[in-house]
Every structure is written in C-alpha cells, then in structure tokens.
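Under the working numbering, the first residue of the sequence shown is numbered 1, with each subsequent residue one higher.
We put the beta carbon where it would ideally sit given N, CA and C, even for glycine.
Only one structure is covered here, and it is reproduced in the block below.
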Amino acid sequence: MKSIRVGGVPEHFNYPWHIGLKKGLFKEQNIDVTWQDFYGGTGELSRALHNDEIDVALVLTESIIKEIEDGAPFKIIQEYIATPLIWGIHVAAESDYEHMNELENTTSAISRFGSGSHLMTYVNAKNEEWDTRNLKFEVVKNLAGAVKALPNNDAQYFMWEHFTTKPLVDNGTFRRITDCPTPWPCFVIVSKDDFIAENSSDLKNMLDTLNGITKDFKSIPKISTQLAKNYQQNEEDILEWLNLTEWSQKQINPKEVEVIQNQLEDLNLITQKSEFKNICKSID
C-alpha cells in the first residue's frame with residue numbers, strides 16, 4: 001500500500017479529506033493517506049514540503065505560485081477550491097482603529113514571509129492605493145500569535161480567513177474592519193516534482209477519491225452541523241460559508257494562473273512569469 005503524507009490548515013475547507021480518511025476510502029484504492037495539520041498556513045506547509053515532511057500540500061494559490069516562480073520544485077496538480085478566499089481584516093477589539101484608511105503605514109501581522117497573510121497585505125494595499133513600499137510586518141507564526149500581537153500593539157491589523165476568525169470577532173478578541181476577497185480560486189493541491197514523477201498513478205487514484213467526496217460534499221446530510229461542531233463555528237456561519245464555497249475537481253485554468261502572475265509581478269513580488277506547464281502538471 002502506497003503511503004502519501006498530506007498536509008493542510010485545520011480549517012473547514014479540508015473536511016472532505018477527513019471524511020475520506022474516516023471512511024477508509026483512500027485505503028480502498030490501496031493508498032495509505034495520512035493527514036497533518038499546519039496551523040501556520042501556506043508558509044509552514046511549503047517548508048514542510050521542501051523538507052520532505054509531507055508529500056502533498058493544500059495551499060493558497062497565490063503563495064505557491066510565488067514559491068514556484070522563486071524556484072521551488074513544486075507543481076500544482078489540481079485546483080481544490082474554485083471560489084475566492086474571504087480575508088477578514090482584523091484589529092484588536094479595543095483598538096481605536098475604525099476604518100481601513102486609518103491602517104495605512106501601520107504594521108500588519110503575518111504568519112510568515114511569503115504566506116497568504118503576507119501577500120494579501122500587498123493586494124489589499126494596492127486596492128486601497130497605498131504605497132506598498134511603506135508596508136511593515138510583524139511575523140506572528142499563526143492565528144494564536146496574532147491573538148497576542150494585536151492587543152499588545154506589536155502589530156495593528158491581521159488578515160486571516162473570515163469564517164475561521166469569526167469566533168474571535170464574536171467573543172470580542174478581534175474586531176473586523178472589512179473583508180478582502182482574493183480575485184482568484186483560493187486553494188490548490190501541490191506536490192514536489194520528484195514525488196509526482198514517481199507516484200503519478202497513486203496520486204491520480206487519491207485525487208479521484210477526493211473528487212468523488214467533494215463533488216457531493218454539500219449534499220451530505222447534516223454536513224453544516226458536522227462542520228459547526230468540528231470547527232467550533234455557529235451553524236449559521238457555516239451555512240453562509242458553504243453557500244460561498246465551491247470545490248473543484250479539475251486543474252486550475254491557465255487564465256487564472258496568469259491573473260495571479262500579473263498581480264504578483266505588478267506588486268514586484270516576482271521577477272518572472274513562467275509558462276503554465278512550469279507551474280502546473282495534471283495527473284493523467
């Protein structure tokens with residue numbers, strides 16, 4: 001039985017994987033899939049992939065394209081979430097900041113450089129017509145780090161997925177100023193070049209199994225109740241999130257990759273734009 005080590009963030013997007021693991025669906029295809037949670041997001045996942053701690057990662061699209069353009073030996077093997085990620089922009093609940101324009105020239109908390117929280121700070125700054133050369137960052141590693149950093153005024157705002165941080169808004173830890181959706185599909189499935197070359201058949205069987213789960217995911221009876229319980233969310237928030245989210249069962253569109261490349265280049269975050277075949281590899 002082939003072993004494939006998969007990593008992702010401990011968020012509701014990845015619940016289909018846990019369904020497959022719990023029901024033994026991957027093992028039915030003679031694949032021993034194991035899952036590891038990474039609380040630090042895409043930056044931590046990328047490092048684990050580099051270090052051969054995992055074989056496959058569920059990562060933010062913009063972050064991994066930047067990694068690949070910077071020379072990482074990775075390929076996107078499939079789009080995972082076809083819809084945008086809704087990034088909430090948060091401040092400490094007791095802070096004096098009320099409006100987005102007041103945050104210009106303040107410090108953004110990020111999980112790591114090159115992470116989604118880092119790159120989306122640039123996207124948001126561009127949207128707000130700020131000078132991105134003046135952006136300042138405080139590395140906090142993960143959501144728990146931001147919970148400490150913002151009240152201590154080590155950083156003044158923090159961008160993280162809207163629904164994951166919703167309980168912290170509800171309990172008065174954070175206050176959300178606004179949202180900043182990604183203008184592209186938000187999550188992709190990635191592996192290293194050498195692992196893909198040696199394990200394409202097993203990867204295809206794994207993806208086929210996963211896609212069978214995600215295709216019917218929203219129609220699973222009481223799925224919103226399960227998600228709310230497992231991720232400590234209000235069910236009404238989960239229902240809203242489900243309505244906004246679509247899982248993909250195909251490779252990402254080349255035009256979407258080009259949109260991201262153009263944005264990263266415009267923000268001076270990459271110095272080249274590779275051909276689609278050097279970014280993505282479909283598993284046949």
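Distance CB(residue i)-CB(residue j) smaller than 8 Å
i	j	result
Leu242	Lys215	no
Glu128	Ile260	no
Ile279	Ile4	no
Pro181	Ile252	no
Leu267	Lys126	yes
Gly41	Val9	yes
Leu227	Ile238	yes
Glu102	Ser248	no
Ala109	Val59	no
Thr285	Ala155	Any answer about residue 285 is impossible in this case: the structure gives the chain only from 1 up to 284.
Thr164	Glu258	no
Ile89	Thr178	yes
Gly20	Ser115	no
Ser111	Asn142	yes
Cβ neighbours of residue i in the same chain (closer than 6 Å, five flanking residues each side left out)
i	result
Ala57	Gly7, Leu45, Leu49 and Val190
Met120	Trp87 and Met159
Glu104	Trp130
Leu264	Lys66 and Ile270
Met1	Asn30 and Asp32
Residue i: first and last residue of the uninterrupted alpha helix (DSSP H) it sits in
i	result
Trp35	Taken as a continuous stretch (DSSP letters only), Trp35 belongs to no alpha helix (DSSP H), being part of the beta strand (DSSP E) at Ile31 to Asp37.
Gln263	Pro254 to Asp266
Glu44	Thr42 to His50
Asn127	Gly116 to Asn127
Ile220	Careful: Ile220 lies outside any alpha helix (DSSP H) and carries neither H nor E.
Leu21	Tyr15 to Lys23
Residue interval of the beta strand (DSSP E) (run including residue i)
i	result
Arg5	Lys2 to Gly8
His90	Ile86 to Ala92
Trp160	Tyr157 to Glu161
Ser191	Phe187 to Lys192
Trp132	Just to set this straight, residue 132 is Thr in the shown sequence, not Trp. Looking at the DSSP string, Thr132 is not in any beta strand (DSSP E), and its letter there is neither H nor E.
Tyr97	Here Tyr97 belongs to no beta strand (DSSP E), and DSSP marks it neither H nor E.
Lys66	Premise fails: Lys66 lies in the alpha helix (DSSP H), Thr61 to Glu69, not in any beta strand (DSSP E).
Neighbourhood of residue i by C-beta distance below 8 Å, restricted to the same chain and skipping five residues each side
i	result
Glu246	Ile81, Ala82 and Thr83
Pro73	Lys192, Asp193 and Asp194
Ile196	Lys75, Ile77, Leu203, Lys281 and Ile283
Pro16	Leu210, Ile213, Thr214, Phe217 and Trp247
Own chain residues within Cβ distance below 7 Å of residue i, not counting five before or after
i	result
Ala93	Gly172, Thr173, Phe174 and Arg175
Asn14	Gly8 and Leu58
Lys273	Gln261 and Glu265
Ser200	Ile283
Glu256	Trp184 and Pro185
Paired residues, beta bridge with residue i - DSSP
i	result
Asp179	Gly88
Gln232	DSSP, once it has assigned bridges, lists no residue as partnering Gln232.
Val139	Ile110
Val56	Val6 and Ser191
Phe174	Ala92
Glu79	Val188
Trp247	Ile81
Phe74	Lys192
Subject >> the stretch 12–28 contacting the stretch 198–210, beta-carbon criterion three pairs below 8 Å >> reply: In the pairwise beta carbon analysis, the stretch 12–28 is classified as touching the stretch 198–210: at least three pairs are separated by under 8 Å.
Original post:
Below 8 Å, can you find three or more Cβ-Cβ pairs linking the stretch 131–139 to the stretch 81–94?
Top reply: No, the stretch 131–139 is not in contact with the stretch 81–94.
Original post:
Between the stretch 165–175 and the stretch 64–75, do at least 3 Cβ pairs fall closer than 8 Å?
Top reply: The stretch 165–175 makes no contact with the stretch 64–75; the number of CB pairs closer than 8 Å stays below 3.
**OP:** Taking 8 Å as the threshold, find out whether the stretch 28–37 comes into contact with the stretch 218–237 through three or more Cβ pairs.
**Re:** Because the criterion of three Cβ pairs below 8 Å is not met, the stretch 28–37 and the stretch 218–237 do not touch.
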